[in-house]
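K.L.:
In our numbering, the protein residues as written are 13 to 163.
Shown next, in the form of structure tokens:
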């Protein structure tokens, strides 16, 4: 099952057609495949407390005669990072500022335009924990060019 979608309309249509989709993955808790139900939207706060829709919940239903486990799963828009309150644009700005020589606090402030930089360290630790995964992606073989330069 896809976890990230290009736009909210596609995501909404997908979640409304869960009953008729045979290609769903099983729930990781109860292994049932046919119990998913659309269960509302996922929101993130923006600068002035404004809510913005960034995804949807689906629910492994144990209601109305269904035999699911009752757990939820979040599906996101492809521009979002799960479990971060800011978008990929903010994270990219943070990385460029940080790699450009700014301190962690200054890079966070430049990316988010907030005065509180407490979350800067959380972002940095999350990125450091995923460093091995990034290295694996960089180590993946690149396609060879169609031509070779002669020396």
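Note that the Cβ used here is the ideal one computed from N, Cα and C, for glycine as well.
Can you give the Cα-Cα distance for residue 17 and residue 86, rounded to whole angstroms?
P.N.:
If I take the Cα positions, the gap works out to 12 angstroms.
K.L.:
What does DSSP give as the partner residues of residue 53 in its beta bridges?
P.N.:
68
K.L.:
I need the straight-line Cα distance from residue 144 to residue 50, nearest angstrom please.
P.N.:
Straight across, the Cα-Cα distance linking residue 144 with residue 50 is about 35 angstroms.
K.L.:
Looking at the unbroken beta strand (DSSP E) that takes in residue 88, where does it start and where does it end?
P.N.:
Its beta strand (DSSP E) spans residues 84-89.
K.L.:
According to the Cβ coordinates, are residue 2 and residue 129 closer than 8 angstroms?
P.N.:
Because the chain is modelled from 13 through 163, residue 2 falls outside the range shown and cannot be assessed.
K.L.:
Return yes when the Cβ of residue 66 is within less than 8 angstroms of the Cβ of residue 98, no when it is not.
P.N.:
Cβ distance not < 8 angstroms, so residue 98 and residue 66 don't count as in contact.
K.L.:
For residue 163, which residues in the same chain have their Cβ closer than 7 angstroms to its Cβ, ignoring the five residues on either side in sequence?
P.N.:
Any answer about residue 163 is weak, because its pLDDT of 46 lies below 50 and its placement is not dependable; what the coordinates show is given next. Nothing listed; no residue qualifies.
K.L.:
Nearest by alpha-carbon distance to residue 41: which of 73, 105, 115 is it?
P.N.:
73
K.L.:
Between which residues of its own chain and residue 52 is the CB-CB distance below 8 angstroms, once the five residues before and five after are set aside?
P.N.:
Within the same chain, Cβ atoms closer than 8 angstroms to the Cβ of residue 52 are found at 68, 69, the five residues on either side in sequence being excluded.
K.L.:
Is it the case that the Cβ atoms of residue 120 and residue 106 are separated by a distance below 8 angstroms?
P.N.:
yes
K.L.:
Are residue 134 and residue 122 touching if we call contact CB-CB under 8 angstroms?
P.N.:
No, the Cβ-Cβ distance between residue 134 and residue 122 is not below 8 angstroms.
K.L.:
Only counting the same chain, and skipping five residues up and downstream in sequence, which positions put a Cβ closer than 7 angstroms to that of residue 124?
P.N.:
98, 102
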